[in-house]
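Below is one structure, written out as structure tokens; the observations come after it.
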Amino acid sequence: MSKPTLTDLRAFMAVAEHRSFRLAADLLGMTRSSLSHAIRGLEDKLGARLLHRTTRSVSVTEAGERLLNRLDPLLHDLDTALEEVAGAHGQLQGRLRINGNEAAIRLLLQTVVPTFLARYPGVELDLVAEGRLVDIVGQGFDAGIRLGEAVPKDMVAVRLGPDIRFLAVASPDYLAGHPAPKVPDALAGHQCIRQRLPSGKRYRWEFSKRGQSLEIDVPGALTLDNSQLMVEAAVAGTGIAYVPEPYARAALDDGRLVAILEDWCPRIPGLFIYFSRNRHAPASLRAFIDAIREAAEK
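All residue numbers for the sequence shown refer to the numbering used here, where the first residue is 189 and numbers rise by one.
Printed below as a string of structure tokens:
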């Protein structure tokens, strides 16, 4: 029996972990037909079926589970050894995939990415900005970036930035014709710029003060799904928007917007980068987190 190659074994692990030939092929930089051929060849060499395949799903056989359980720690130790040698000489290689919301990816591009790529030219950064919260492991990402309250509890999380708050904001022109509300319930008498969440639901504005918390389904003739567009609509005098403070900061500083209900807008945990505690964190991810920490100290 010819022995399986390391490439064969990594191909099997990718398919077994992600339960998808398409996703595994994309991550490995292979065509699906080449990956399928490699898996068939591995099964022939071992004389055992490792994967159950249908047109809709992929699952691991009992023999495949046994192999996967033995391979995982072995390849983890091998990867660690190789990464330590390469990292010691500034020669990290490979692709680092990170999923985050638009604000998080924009922050990385401004503060971390240029320095990181200059330091590690062998690493390819694949940054995906999307509003919906995804299963980073199932979708093949090395890490995710979200507000602290949205990070799954079973993940390792590293703070990316300071606490933030959502602010209710409106233009001086709007407030000239509509006196600013003093309490959240008074929003019922205003035109509000509502927000559509990635799930399709409308966001209920959340307020808190001295232990009292409120969630309000505000009225309004305009609904948007992008915080930056909501800020622009508020600047134009369309109504009151409720957005993360960084989006509105420039317009607040130059007077195009005014913050209202500030005492009802407490700070919440800011952005965190997170990854699975059950999977090996590649050296490129550890280096990226170090770069984030360096940027935060400046």
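For each residue, glycine too, the CB sits at the ideal point set by N, CA and C. Since this is a predicted model, take the numbers as computed values, not measurements.
Exposure label - R285; buried when at least 16 CB within 10 Å:
What you label residue 285 is simply residue 97 of the sequence shown in a count that begins at 1. It counts as buried.
Closest by CA to P407, which one among Y435, V423, A374?
Along the sequence shown, read from residue 1 onward, the residue named residue 407 stands at position 219. Ranking the options by Cα distance to P407, first place goes to A374.
Are the CB atoms of V316 and N289 nearer to each other than 8 Å?
For the purposes of this step, residue 316 is identified with residue 128 of the sequence shown, where counting begins at 1. For the purposes of this step, residue 289 is identified with residue 101 of the sequence shown, where counting begins at 1. Contact: no.
I believe I428 touches I381 by the beta-carbon criterion, under 8 Å. Please report the beta-carbon distance rounded to the nearest angstrom.
Indexing the sequence shown from 1 puts residue 428 at position 240. Indexing the sequence shown from 1 puts residue 381 at position 193. At roughly 7 Å, the Cβ-Cβ gap stays under 8 Å, so I428 and I381 are in contact.
Taking Cβ positions, are L230 and L238 nearer each other than 8 Å?
Taking the first residue of the sequence shown as 1, we reach residue 230 at position 42. Taking the first residue of the sequence shown as 1, we reach residue 238 at position 50. Contact: yes.
Relative to the C-alpha of G328, which candidate in L412, D314, G319, T219 has its C-alpha closest?
Counting from one through the sequence shown, the residue named residue 328 turns up at place 140. Closest by alpha carbon: D314.
May I ask you to report which of helix, strand or coil DSSP gives T411?
Looking up residue 411 in the sequence shown gives position 223. Of the three classes helix, strand and coil, the one that applies to T411 here is strand, per DSSP.
Closest by C-alpha distance to V419, when choosing among S359, G349, S221
By 1-based counting over the sequence shown, the position of residue 419 is 231. Ranking the options by Cα distance to V419, first place goes to S359.
Three-way DSSP call (helix, strand, coil) for F329 in this model:
Position 141 of the sequence shown, counted from the start, is the residue given in the question as residue 329. Reduced to three states, the DSSP call for F329 is coil.
Burial state of G217, where buried means 16 or more other Cβ atoms lie within 10 Å:
Against the sequence shown, residue 217 aligns to sequence position 29. G217 comes out exposed.
Range of the contiguous beta strand (DSSP E) that encloses D314:
The residue given as residue 314 occupies position 126 in the sequence shown. Here the beta strand (DSSP E) through D314 covers 311 to 317.
Contained beta strand (DSSP E) runs [length at least 3] in the segment 346 to 370, N- to C-terminal order
For the segment 346 to 370, the continuous beta strand (DSSP E) assignments of 3+ residues that do not extend past its boundaries occur at 354 to 358, in sequence order.
Unbroken beta strand (DSSP E) run spanning Y546, endpoints:
The structure shown does not extend to residue 546, since the chain is modelled only from 189 to 486, so the question has no answer here.
Please classify V203: does DSSP put it in a helix, a strand, or coil?
Looking up residue 203 in the sequence shown gives position 15. DSSP places V203 in helix when its eight states are reduced to three.
Among residues of its own chain, excluding the 5 on either side of A469, which ones have a beta-carbon nearer than 6 Å to its beta-carbon?
As a working mapping, residue 469 is identified with position 281 in the sequence shown. The residues are F463.
A345 burial status per 10 Å Cβ neighbour count (16 or more: buried):
Taking the first residue of the sequence shown as 1, we reach residue 345 at position 157. Counting Cβ neighbours within 10 Å, A345 comes out buried, since at least 16 surround it.
Decide yes or no for the touch test of the segment 449 to 464 against the segment 331 to 350: beta carbon pairs closer than 8 Å, at least 3 of them.
yes
I'd like the ranges of any alpha helix (DSSP H) spanning at least 4 consecutive residues and lying wholly in the segment 371 to 440.
Along the segment 371 to 440, the alpha helix (DSSP H) occurs as fully enclosed runs of 4 or more residues at 415 to 423, listed in sequence order.
DSSP three-state label for N287, please.
As a first step, residue 287 is located in the sequence shown; it is residue number 99 there, counting from the start. It is a strand residue.
Need the endpoints of the beta strand (DSSP E) that S247 sits in, please.
Against the sequence shown, residue 247 aligns to sequence position 59. Per DSSP, S247 belongs to the beta strand (DSSP E) from 246 to 248.
Quick one, are the C-beta atoms of L280 and Y308 less than 8 Å apart?
Walking along the sequence shown from the start, residue 280 turns up at place 92. Walking along the sequence shown from the start, residue 308 turns up at place 120. The answer is yes: Cβ separation under 8 Å.
For A438 and A424, the rounded distance between their alpha carbons:
One-based indexing of the sequence shown puts residue 424 at position 236. One-based indexing of the sequence shown puts residue 438 at position 250. So the two alpha carbons sit approximately 15 Å from each other.
Tell me the DSSP secondary structure of V301 in three-state form.
On the sequence shown, position 113 is the one that residue 301 refers to. Residue state for V301 is assigned as helix, using DSSP reduced to three classes.
At the 8 Å Cβ level, is M343 part of the contact set with chain B, yes or no?
Among the chains of the structure shown, chain B does not appear; only one protein chain is present.
Taking 8 Å as the threshold (C-beta atoms), are E337 and I480 in contact?
Your numbering for residue 480 matches position 292 in the sequence shown. Your numbering for residue 337 matches position 149 in the sequence shown. For I480 and E337, no; Cβs fall outside 8 Å.
Bounding residues of the beta strand (DSSP E) (the contiguous stretch that carries P461)
Residue mapping note: residue 461 aligns to position 273 of the sequence shown, counting from 1. Note on residue identity: the sequence assigns Ile, not Pro, to residue 461. Residues 459 to 464.
In whole angstroms, give me the CA-to-CA distance for L295 and E250.
Numbered from 1 along the sequence shown, position 107 holds the residue referred to as residue 295. Numbered from 1 along the sequence shown, position 62 holds the residue referred to as residue 250. Answer to the nearest angstrom: the Cα atoms are 45 Å apart.
Under three-state DSSP, which class holds R237?
In the sequence shown, residue 237 corresponds to position 49, counting from 1. DSSP places R237 outside both helix and strand once states are collapsed to three, so it counts as coil.
Residue interval of the beta strand (DSSP E) (run including A447)
Mapped onto the sequence shown, residue 447 falls at position 259. That run of the beta strand (DSSP E) goes 446 to 448.
From the DSSP output, in three-state form, read off R220 for me.
Looking up residue 220 in the sequence shown gives position 32. Helix.
L335 bridges to which residues according to DSSP?
Within the sequence shown, numbered from 1, the residue matching residue 335 stands at position 147. In DSSP, L335 forms a bridge with L459.
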